[in-house]
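Residue numbers (our numbering), protein chains in the order written: chain A, 2 to 331; chain B, 2 to 331.
Don't be surprised by glycine CBs; every beta carbon is placed ideally from N, CA and C.
So the structure is just underneath, and the comments pick up after that.
2 protein chains.
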Amino acid sequence: MKLSDLTTPALVVERDLLDANLAKMAEALPGTRLRPHVKAFKTTELARRMHALGHTGFTCATVREVEGMAAAGLGDDLLLANEVLDCRRLGALDNARVTVAVDSAITVDAAAAGGVREVLIDVNVGLPRCGVAPEKAGQLADYARSKGLEVRGVMGYEGHVMLVEETEEKRRQVEECMALLLKASADVGGDLVSAGGTGTFHVNTWANEIQAGSYCLMDTTYAHAHAPFQQALTILATIISANEAGWFVADLGLKALGMDHGNPTIEGASVWYCADEHTVFSADGKDFAVGDRIRVIPSHIDPTVALHAEMHLVDGDDVLETWPVDLRGW
Amino acid sequence: MKLSDLTTPALVVERDLLDANLAKMAEALPGTRLRPHVKAFKTTELARRMHALGHTGFTCATVREVEGMAAAGLGDDLLLANEVLDCRRLGALDNARVTVAVDSAITVDAAAAGGVREVLIDVNVGLPRCGVAPEKAGQLADYARSKGLEVRGVMGYEGHVMLVEETEEKRRQVEECMALLLKASADVGGDLVSAGGTGTFHVNTWANEIQAGSYCLMDTTYAHAHAPFQQALTILATIISANEAGWFVADLGLKALGMDHGNPTIEGASVWYCADEHTVFSADGKDFAVGDRIRVIPSHIDPTVALHAEMHLVDGDDVLETWPVDLRGW
């Protein structure tokens, strides 16, 4: 199969760039030092490549992601790094080791009631989102143990620091966050101190495992944050209309692109706006014509991938493999 | 099945409000005066209700939508209101009447080569997107006829006028757009003058069919534009975390919500931001607690629906039907 045989819009992953990103991260954070976050790519075939490189534990954001990873035989050690109030589907999995994040007595009760056996105490390290206050983490761990749960340690996501541009300033802010997490870890016990992401993997030396996911495919937002990975995923699109007044229209839009970080990028063009099935742009140093196939770079990889049923691994004009994006939904 | 049995996040449609919206539109634009746009809901079961009310022709934005409508037996008269460069899948449909928009010689050639028999000349009426210049529409129609295609008329989408707030000003601007379309219609010939949307259905008296879709489910953007329809679709979510500092976290985020029109709305709350699987908000006149199930109103219905595999028709606490969102993808 050739690139020209694909229906557009289509998620396209360059094998060389993907492999380079995977290798670079595996060298920086070998084995279980990285717990790849599947939410960024939602594709078990891609997770399988990470597993083959030695990353045997994975991070998930939804029950569906945990189920799908277990069904794919990648259930060595799955962390659902999110609070869940109905844990029955997790407790029913008999082919995976499942650990779920808790940050309240209610979520501890839900884990126990659902048949989950292991939990991680989710600690708030500064991002206004989930997580128990650091000073209450030990108490929550005691409560979890009183319910018969194994407490494996702590997690805390320094998400508000991911896009700080200057490395030393980023390191300083991460250190502040991780001081809170290490204090909680001392109170909680357990082995795991889980944190981080693609934006902090290189400076977070305090956590003993990093939950990065975007690094394998990348997007323009993380590229601006100087993450040392290459843009492996683009969206193949077709120019369907051109106007003499100087604009072009490609056949992908809001239903093919996560838009929370703004417009996508097209090399040699200025993007004007996106509609449901259209991206309107003007030429900016490059020639375009109706019928041309172009590459569009999404600004945020995670919600973009969630809009597509499959992604294609390519090498030049050859489509090597087509992978189902099989971890979508809830 | 009860509402409490649903896994969250879940698309939930209130039957009474949906039926009222459908009835109101069917009264304003009966039969083929409305050509409902399926891109707004991507669900053939919902289209079937419109068909039963007399709207036998439909508008589609993708080849996949046309295929799905044909497969569902709703192929009386399907207009693909978008340019397509590979029309072979359209030409292969033998159980539907398919008309495709064209705005250039290349798209005419693609229609003819793909085995499509009928086209509509897409005319630019002011929105910077697809559409031939009005003064060139007749010439393009001649070219299409020279290729053996039946030209059914013209379409022109006044999308830039949809959100004008003041009715008389909106009417004035729509009239300007439609003057261009009627001029093109005179040159092109054919019966159809297709235009409009939920934001202009009540003032566009020049087109002889209106391509509205959002009216059935609605969103906060069109509500601000004073469309006389009610919010029939919400997303059922669960509060999974609460912080003493005053914020709450619900289990839906960027992968459950189209974000191009901004944050969603929660009654009695102020939404702070959305992350992949989280919406963070503070209480604003209402009490919330972990475990509560809440309704979240999306700001833009079309890309929101594209993120979900199914929608549930409900009446109070009863789930009446579960419909697959079966027109997703391309």
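For the pair A/T9 and A/V306, the CB atoms are not nearer than the 9 Å cut-off. From the listed residues B/D252, B/D327, B/A310, B/H301, the smallest Cα separation to B/V291 is found for B/D252.
The Cβ atoms of A/N96 and A/Q231 do not sit closer than 9 Å to each other. Here DSSP, grouped into helix, strand and coil, assigns B/K3 to strand. Interface with chain A (9 Å Cβ-Cβ cutoff): B/H52 is excluded. Residue environment: B/K3 is assigned as exposed (fewer than 16 neighbouring CB atoms within 10 Å of its CB, all protein chains considered). Between A/E166 and A/H227 a beta carbon distance of about 7 Å is seen, short of the 8 Å cut, so the two are scored as contacting. Here B/A213 is buried: its Cβ has 16 or more other Cβ atoms, across all protein chains shown, within 10 Å. Around the Cβ of B/A53, a 10 Å sphere holds fewer than 16 other Cβ atoms; the residue is exposed. Neighbours of A/A62 in chain B, taken as residues at a C-beta separation under 7 Å, are given in chain order as D277, E278. Looking at B/I298, B/G92, B/L314, the one whose alpha-carbon comes closest to that of B/D17 is B/L314. Not a single CB atom of chain B sits nearer than 9 Å to the CB of A/V189.
Looking at the backbone, the Cα of B/M163 and that of B/E170 are separated by about 11 Å.
Secondary structure remark: continuous alpha helix (DSSP H) runs of at least 4 residues inside the region 202 to 266 of chain B, in chain order: 221 to 225. About 25 Å separates the CB atoms of B/C178 and B/F42; that is not less than 8 Å, and the two are not in contact.
The three-state secondary structure of A/E15, taken from DSSP, is strand.
Residues of the region 239 to 252 of chain A with a C-beta less than 9 Å from any C-beta of chain B: T239, I240, I241, S242, A243, N244, E245, A246, W248, V250, D252, listed in chain order. At a cut-off of 9 Å between C-beta atoms, A/T168 does not count as an interface residue with respect to chain B.
Inter-residue distance for B/G154 and B/T100 is about 10 Å (C-alpha atoms, whole angstroms). Sequence-ordered contacts of the region 289 to 319 of chain A with chain B read V291, G292, D303, P304, A307, L308, A310 [C-beta pairs closer than 7 Å]. In terms of Cα proximity to B/E84, the closest of A/T108, A/N83, A/H279, A/G330 is A/H279. DSSP places A/G139 inside the alpha helix (DSSP H), whose first and last residues are 138 to 147. Secondary structure within the region 152 to 182 of chain B: not one fully enclosed alpha helix (DSSP H) run of 4 or more consecutive residues is present. Across the structure, A/D261 and B/D316 are spaced so that their CA atoms are roughly 32 Å apart.
For B/I267, the closest of B/V320, B/A113, B/T221 by C-alpha to C-alpha distance is B/T221.
A/G259 is a Cβ neighbour of A/H301, given a cutoff of 9 Å.
No Cβ of chain A is located within less than 9 Å of the beta carbon of B/K3. Given a length threshold of 3 residues, each whole run of the beta strand (DSSP E) inside the region 285 to 331 of chain A is given here in chain order: 294 to 297, 311 to 316, 319 to 325. Within chain A, the residues whose beta carbon sits less than 8 Å from that of B/M260 are G259, M260, D261, P304, listed in sequence order. A distance of 9 Å or more separates the beta carbons of A/S242 and B/S186. Here B/R34 is near B/E210, since their CB atoms are less than 9 Å apart.
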